[in-house]
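Notes follow the structure.
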Amino acid sequence: MTAPGSSCPNMTSPSTTQVTVLTSKTPVDFHGNTYEDADDWLEEFERTANVNGWNAAQKLGYVYFPLQDGARTWFTNRVWSTWDEFRRKFLDTFANTERREHAQRLLESRIQKPNESVAMFVEDMARLFHRADPDMSENRKISHLMRGVKEQLFAGLVWNPPSSVDEFSKEATAIERALQLRYRQYDRPNNSGQISATAVTTVTPD
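All residue numbers in the sequence shown are consecutive under UniProt numbering, ending with 206.
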């Protein structure tokens, strides 16, 4: 018998262990119908993959399950080596060409608005880049950005043209902030920076 008040060496008090269960996010289905947006679906699938911690090989393995009907038949009729290969061929097959053409037209006419910051301009342009051509080169992106940026910012950028979107964003933002500081400290009117035709006079000799 065990004396009162003594502890039993073979008996232990139960311990409480907190277990956190992580639930994985399930990708939405894609059927390959004409009304479905393949670009948006692929973006959503990649977001889901990032949340679930899938690498490229796992994405290629798991993408089979949300593909349904014609999209699944298309997938199983082919042998896939890499996720990048799947991504490229998936967009080539299912992407809406009208959407891409519309985005390209918007890119060709897009200019920075008077009260639009560099950050917001670059973000909207990045959205159009992706929709018009997911594989667009940096040179083409810079060309669109330089063409559409405000005249005052272009004048500062053209002397040392950026070679990437990131460089463009940093340099244009620095110029933008310097101009804003000038307006605040020296009470200079904040205009668009464009010279109007009525402000230019031509002096001709008598």
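Beta carbons are placed, not taken as given, at the ideal position from N, Cα and C, and that holds for glycine.
What three-state label does DSSP hand residue i in the structure shown?
{"i": "F30", "result": "strand"}
{"i": "N139", "result": "helix"}
{"i": "A119", "result": "helix"}
{"i": "Y62", "result": "helix"}
{"i": "E50", "result": "Before going on, a small fix: residue 50 reads as Asn here, not Glu. It is helical."}
{"i": "K89", "result": "helix"}
{"i": "Y186", "result": "helix"}
{"i": "V78", "result": "Strictly speaking, residue 78 in this sequence is Arg, with Val absent from that position. It is coil, neither helix nor strand."}
{"i": "W83", "result": "helix"}
{"i": "I175", "result": "helix"}
{"i": "L22", "result": "Bear in mind that a pLDDT of 48 at L22, under 50, signals an unreliable position, so the model cannot answer this."}
{"i": "Q112", "result": "coil"}
{"i": "W41", "result": "helix"}
{"i": "S164", "result": "coil"}
{"i": "T2", "result": "For T2, the pLDDT reaches just 49, beneath the cut-off of 50, and the residue's location in the model is therefore unreliable, leaving the point undetermined."}
{"i": "P133", "result": "The sequence given here places Asp at residue 133; Pro does not occur at that position. Correct three-state label for D133: coil."}
{"i": "E98", "result": "helix"}
{"i": "E151", "result": "helix"}
Excluding five sequence neighbours on each side, which residues of the same chain lie with their C-beta closer than 7 Å to the C-beta of residue i?
{"i": "D69", "result": "H31 and G32"}
{"i": "T34", "result": "none"}
{"i": "Y186", "result": "none"}
{"i": "W54", "result": "Y62"}
{"i": "K25", "result": "T48, V51 and N52"}
{"i": "F75", "result": "Y64 and L67"}
{"i": "T93", "result": "W74"}
{"i": "W80", "result": "L60 and F86"}
{"i": "R177", "result": "none"}
Using the DSSP secondary-structure output, state which residues sit across from residue i in a beta bridge.
{"i": "L67", "result": "F30"}
Our contact map puts residue i next to residue j with C-beta atoms below 8 Å; I'd like the distance itself, whole angstroms only.
{"i": "A38", "j": "N96", "result": "7 Å"}
{"i": "V122", "j": "V165", "result": "7 Å"}
{"i": "Q152", "j": "L179", "result": "6 Å"}
Looking only at its own chain, which residues have a Cβ that is under 8 Å from the Cβ of residue i, when we skip the five neighbours before and after it?
{"i": "R99", "result": "D37, D39 and R131"}
{"i": "E167", "result": "none"}
{"i": "residue 207", "result": "One cannot answer for residue 207 here, as it falls past the ends of the chain, which runs 1 to 206."}
{"i": "T82", "result": "A56 and L60"}
Beta-carbon within less than 6 Å of residue i's beta-carbon, same chain only, minus the 5 sequence neighbours each way: which residues are those?
{"i": "P27", "result": "F45, T48 and P66"}
{"i": "H102", "result": "none"}
{"i": "E138", "result": "S164"}
> Is there contact between the segment 110-117 and the segment 57-66, where contact requires at least three CB pairs shorter than 8 Å?
Replying inline: Segments in contact, no.
> Does the segment 102-111 come close enough to the segment 127-147 that 3 or more CB-CB pairs lie under 8 Å?
Replying inline: Contact between the segment 127-147 and the segment 102-111 is present: 3 or more CB-CB pairs across the two stretches fall below 8 Å.
> At a cut of 8 Å, does the segment 171-186 reach the segment 117-130 through at least three beta carbon pairs?
Replying inline: Touching, yes.
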